[in-house]
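Chemist:
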Amino acid sequence: MRAGGGEPRNAPRTPKKGSGILVIGLGRFGSSIAATLDRLGQDVLAVEQKPELVAQWAGRVPLVEADATNPEALEQLGAREFPVAVVGVGSYLEASVLITGNLVDIGVPQIWAKAVSGEHARILQRIGAHHVVLPEADAGARVAHLVSGKMLDYIEVEDGFTVVKMRPPKETQGFTLAQSKIRERYGVTVIGVKSPGVEFIYATPETRISSNDLIIVGGHADLLERFSARP
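Per the numbering used here, the very first residue in the sequence shown carries number 616; after that it's consecutive.
(1) Should Gly705 go down as buried or exposed, given a rule of 16 or more other Cβ atoms within 10 Å for buried?
(2) Report back the beta-carbon spacing between Lys780 and Pro846 to the nearest angstrom; my notes put them in contact at under 8 Å.
(3) Between Val669, Arg654, Leu655, which lies nearest to Ile639 when the distance is taken from Cα to Cα?
(4) Would you check if the distance between the CB atom of Gln671 and the CB atom of Gly635 is smaller than 9 Å?
(5) Does Thr715 come out as helix, strand or coil in the three-state DSSP assignment?
(6) Please classify Pro783: is it buried, with 16 or more other beta-carbons within 10 angstroms of its beta-carbon, or exposed?
(7) For Gly833, which residues from the same chain have a beta carbon less than 6 Å from its beta carbon, with the 5 sequence-adjacent residues on both sides left out?
(8) Using DSSP's beta-bridge definition, name the partner residues of Arg823.
(9) Name the DSSP bridge partner or partners of Glu562?
(10) Restricting to runs no shorter than 3 residues, where is the beta strand (DSSP E) found entirely within the region 660-722?
(11) Roughly how many whole angstroms lie between the Cα atoms of Ala700 and Arg757?
(12) Alpha carbon to alpha carbon, what distance is there between Leu655 and Ser825?
(13) With a threshold of 16 other CB atoms inside 10 Å of the CB of Pro666, please say whether the residue is buried or exposed.
(14) Since Pro677 and Ala661 are thought to touch, with beta carbons under 8 Å apart, how far apart are those beta carbons, to the nearest angstrom?
(15) Helix, strand or coil for Lys729? Go by DSSP, reduced to three states.
(16) My assumption, with CB atoms under 8 Å, is that Thr684 sits in contact with Ile726. Please give the rounded CB distance.
(17) With DSSP as the reference, label Gly807 as helix, strand or coil.
(18) Which residue comes first and which comes last in the alpha helix (DSSP H) that contains Gly645?
(19) Using DSSP bridges, identify the partner residues of His746.
(20) Report all residues from its chain with a CB closer than 8 Å to the CB of Arg741; omit the five preceding and five following residues, and keep chain order.
(21) What is the rounded straight-line gap between the Cα of Leu718 and the Cα of Phe644?
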């Protein structure tokens, strides 16, 4: 049977109490999350309404066909037993809001929801989503930082604090961190160093940086931009 006005197709495996991640929507965003969680051995259940996507992902991730905008369908598949739910439906604002609201109503402790605009994000936050993700905006900002300098990876943590992977500026090569005084001069902190063929090490004042190293640096985004722009 199919959900929508009825029951979900394929009875989902019941998650252990207090475990499991529910992923609703198997578009590019949701399917990537579900497949990655399944590959990592997480107890995940994907929910999708479109038959063509159900057929595409059947046998690849634990999956049930259901209309998550219907509160009864969510109850039938045991959604309230999942401590975490991800709403990957972003393109259809009404469906996104209805699904998120349904999850809030049944008391899912942690709800992640995809948004496609700032206005969409604000609506999801107001109705109770705990975490709102704007994948395209976040990816665009990240790529902008990467293409503008020597950064090889860029993760903004919170309130401007950022962690980057980068090549070391020439003025730091051949010196220990104590000698180059990166923190005093630039206001950023080298967290660790990865040398070719050697395991990652956490940085100490005695850590010496070479031209072939990759360094992991943390600090405010503006300071990291200036540091990464050094020749």
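Glycine residues also receive a C-beta, built at the ideal position from the N, C-alpha and C atoms.
For clarity, every value in this text was computed on a predicted model and none was experimentally measured.
Modeler: By the coordinates alone:
(1) buried
(2) About 18 Å separates the two Cβ atoms, so there is no contact after all.
(3) Val669
(4) no
(5) helix
(6) buried
(7) Val778, Thr804, Ile806
(8) Thr791
(9) Residue 562 cannot be examined here, being either before or after the span of the chain that is shown, 616 to 846.
(10) 678-680, 699-702
(11) 25 Å
(12) 35 Å
(13) exposed
(14) 7 Å
(15) strand
(16) With 8 Å as the limit, Thr684 and Ile726 do not qualify as a contact, their Cβ atoms being about 15 Å apart.
(17) strand
(18) 643-654
(19) Trp727
(20) none
(21) 19 Å
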